[in-house]
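For the sequence shown, the positions run 0 to 325 when numbering that gives the first Met the number 0 is used.
All residues carry an ideal CB built from backbone N, CA and C; glycine is no exception.
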Amino acid sequence: MGKTLDLDHLRTLVAIAECGGFSKAAVVLHISQPALSQHVRLLERGLKLRLFVKNGRGMKFTEEGERVLAEARQILAVHDEALERLLDPPRQSIVVGSSEHSAEQLLPELIRALRAAFPDAQTRFEIGRSTQLEEAVARGVVDFAVILASRGTEGGREIGRFPLTWWAAPDWEPPADGETFPLVAFEEPCAMRERALAALATDGYRAVVAGQSATLEGVLAGVRAGLGAAVLPSIGGAPAGLVTRPDLPPVGTVGVHLVARQGLDPAIELTALEAGETFLSQVAHPSSRLGVERSGVAPVGAAPRSAARADLRDGSSTVGATDDEL
Numbered sequence: 000m001g002k003t004l005d006l007d008h009l010r011t012l013v014a015i016a017e018c019g020g021f022s023k024a025a026v027v028l029h030i031s032q033p034a035l036s037q038h039v040r041l042l043e044r045g046l047k048l049r050l051f052v053k054n055g056r057g058m059k060f061t062e063e064g065e066r067v068l069a070e071a072r073q074i075l076a077v078h079d080e081a082l083e084r085l086l087d088p089p090r091q092s093i094v095v096g097s098s099e100h101s102a103e104q105l106l107p108e109l110i111r112a113l114r115a116a117f118p119d120a121q122t123r124f125e126i127g128r129s130t131q132l133e134e135a136v137a138r139g140v141v142d143f144a145v146i147l148a149s150r151g152t153e154g155g156r157e158i159g160r161f162p163l164t165w166w167a168a169p170d171w172e173p174p175a176d177g178e179t180f181p182l183v184a185f186e187e188p189c190a191m192r193e194r195a196l197a198a199l200a201t202d203g204y205r206a207v208v209a210g211q212s213a214t215l216e217g218v219l220a221g222v223r224a225g226l227g228a229a230v231l232p233s234i235g236g237a238p239a240g241l242v243t244r245p246d247l248p249p250v251g252t253v254g255v256h257l258v259a260r261q262g263l264d265p266a267i268e269l270t271a272l273e274a275g276e277t278f279l280s281q282v283a284h285p286s287s288r289l290g291v292e293r294s295g296v297a298p299v300g301a302a303p304r305s306a307a308r309a310d311l312r313d314g315s316s317t318v319g320a321t322d323d324e325l
């Protein structure tokens with residue numbers, strides 16, 4: 000297929016249509032009218048089509064001319080868009096991973112900080128369970144992830160802690176002595192599930208998993224339905240339709256870790272660390288964050304910043320692996 004279409008000739012055709020005539024199109028294109036007419040003749044000769052006919056003192060498009068005009072517009076649009084993509088430098092992309100527990104309140108803080116520090120970068124997020132996010136970070140699919148570290152064997156840097164709290168429906172009551180305790184939990188493997196079962200056993204309860212789900216929404220739905228109680232991290236307000244059960248065995252706190260991929264720009268990791276630590280330290284002090292005191296959230300500790308900042312300024316970055324899934 001040896002024939003080609005000259006882009007300048009196609010632009011001439013579009014200019015004639017948009018300007019309403021040959022003379023105005025020549026002015027817009029900064030060429031003489033004879034040169035413009037030559038473009039039209041060459042296009043007609045190459046396509047073996049008549050593109051214009053006389054219309055009084057002017058010219059108008061033929062049916063074939065209208066068809067060629069439509070094709071010309073599409074060709075030029077594709078060409079110009081491709082040229083723009085090729086000439087513009089590719090935008091930096093930052094992919095943030097988050098567990099469901101951190102997605103509602105902590106994730107927006109991280110994204111806001113990244114957008115402020117790197118306005119030309121595209122910021123995206125992935126929500127998943129901790130094991131999935133750790134694997135994604137290790138593969139380089141996710142730049143960094145915020146996970147819950149229940150077992151204490153996880154890598155990355157601790158940026159704070161969430162208290163673990165028992166939640167139940169308002170009309171739910173724990174079983175009487177000798178009866179089975181119904182637990183609603185995440186599917187295995189899940190360290191919070193193990194902690195809840197261990198705490199119940201220590202307190203003398205005989206527990207059974209009455210409902211399980213791979214998602215946070217599934218666990219909450221089971222608890223709202225009155226199937227049992229669940230252990231979940233506390234951040235922000237209470238889940239809708241649920242109340243805390245401080246009368247149940249204590250289950251402690253859970254660390255919030257930031258795990259970064261090998262080779263991540265230290266400035267990106269430092270921005271995320273500082274944003275996460277700042278947010279969690281504010282949550283730890285109710286007077287510094289409006290509404291936390293009213294929500295009944297227990298204090299959350301934030302990790303020291305000095306060591307993490309010093310390491311990052313030295314150019315080091317920690318990537319950890321975990322066998323934990325939350």
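Quiz prompt | Strand pairing of P162, partner residues [DSSP] | solution = T252
Quiz item: For L38, does the count of other Cβ atoms within 10 angstroms reach 16, so buried, or fall short, so exposed?
Solution: The sequence given here has His at residue 38, not Leu. Result: buried.
Quiz item: Under three-state DSSP, which class holds K23?
Solution: helix
Quiz item: Unbroken beta strand (DSSP E) runs of length 3 or more, entirely within the stretch 113–148: which are they?
Solution: 121–126, 143–148
Self-check item: Same chain, Cβ closer than 7 angstroms to K23, five either side skipped, listed in chain order
Solution: none
Exercise. Evaluate the contact criterion for the stretch 72–87 versus the stretch 48–64: three or more CB pairs, one atom per stretch, below 8 angstroms.
Key: no
Quiz prompt | Exposure of A135, with buried meaning 16 or more beta-carbon neighbours within 10 Å | solution = buried
Quiz item: To which residues of the same chain is G295 closer than 7 angstroms at the C-beta, ignoring the five residues directly before and after it?
Solution: With a pLDDT of only 36 at G295, under 50, the local geometry of the prediction cannot be trusted, and the value read off the model is given with reservation. So the qualifying residues of the chain are A237, T243.
Quiz prompt | Outcome for E83 when other beta-carbon atoms lying within 10 angstroms are tallied against a minimum of 16 | solution = exposed
Self-check item: Under the three-state DSSP convention, the category A195 falls into
Solution: helix
Quiz item: Based on the DSSP output, what are the partners of A184 in its beta bridges?
Solution: Q211
Exercise. Quick one: measure Cβ to Cβ for T122 and R114, integer angstroms, because I've assumed they're closer than 8 angstroms.
Key: 6 angstroms
Quiz prompt | Beta-carbon proximity list for G139, same chain, < 6 angstroms, skipping 5 on both sides | solution = R260
Exercise. Would you please state the rounded distance, in angstroms, between the beta carbons of L215 and E99? I believe it to be under 8 angstroms.
Key: 4 angstroms
Self-check item: For R334, three-class secondary structure by DSSP
Solution: With the chain running from 0 to 325 in the structure shown, residue 334 is simply not present.
Quiz item: R192 to F185, Cα distance in whole Å?
Solution: 7 angstroms
Practice problem: Can you give me the start and stop residues for the beta strand (DSSP E) that G57 sits inside? | Solution: 57–60
Quiz item: Do V258 and E133 have their C-beta atoms within less than 8 angstroms of each other?
Solution: yes
Self-check item: Contacts around V250, its chain only, beta-carbon distance under 7 angstroms, and the 5 residues preceding and following it disregarded
Solution: L163, R194, A195, A198, V230
Self-check item: Sequence-distant residues of its chain with Cβ nearer than 7 angstroms to P169 (five each side left out)
Solution: V242
Practice problem: Give a yes or no on whether the C-beta atoms belonging to F21 and I30 are separated by under 8 angstroms. | Solution: no
Practice problem: Along the alpha helix (DSSP H) that carries A14, what are the first and last residues, could you check? | Solution: 6–18
Practice problem: Give the single residue among E103, L35, V255 whose Cα lies nearest to the Cα of I158. | Solution: V255
Quiz item: Looking only at its own chain, which residues have a Cβ that is under 6 angstroms from the Cβ of D142, when we skip the five neighbours before and after it?
Solution: I93, V94, R260, L263
Quiz item: Do A228 and L182 have their C-beta atoms closer together than 8 angstroms?
Solution: yes
Exercise. Kindly indicate which residue of D202, R223, G203, T201 has the alpha-carbon position closest to the one of A209.
Key: R223
Self-check item: N-terminal and C-terminal residue of the alpha helix (DSSP H) that A102 is part of
Solution: 99–102
Quiz item: Considering only the beta carbon of each residue, do V67 and L86 sit closer than 8 angstroms?
Solution: no
Quiz item: Taking DSSP as the reference, what is the three-state secondary structure of R288?
Solution: Unreliable positioning characterises R288 in this predicted model, as indicated by a pLDDT of 37, which lies under 50. The coordinate reading is nonetheless provided below. Coil, per DSSP.
Quiz item: Does DSSP put T201 in a helix, a strand or coil?
Solution: helix
Quiz item: Which partner residues does A206 have in the DSSP bridge list?
Solution: F180
Exercise. Measuring alpha carbon to alpha carbon, tell me which of F51, V27, A200, C18 ends up nearest E178.
Key: A200
Practice problem: Compare the C-alpha of P265 against each of R40, A116, Q32 and name the closest. | Solution: A116
Exercise. Have a look at V207 and R111 and give me their C-alpha separation to the nearest angstrom.
Key: 42 angstroms
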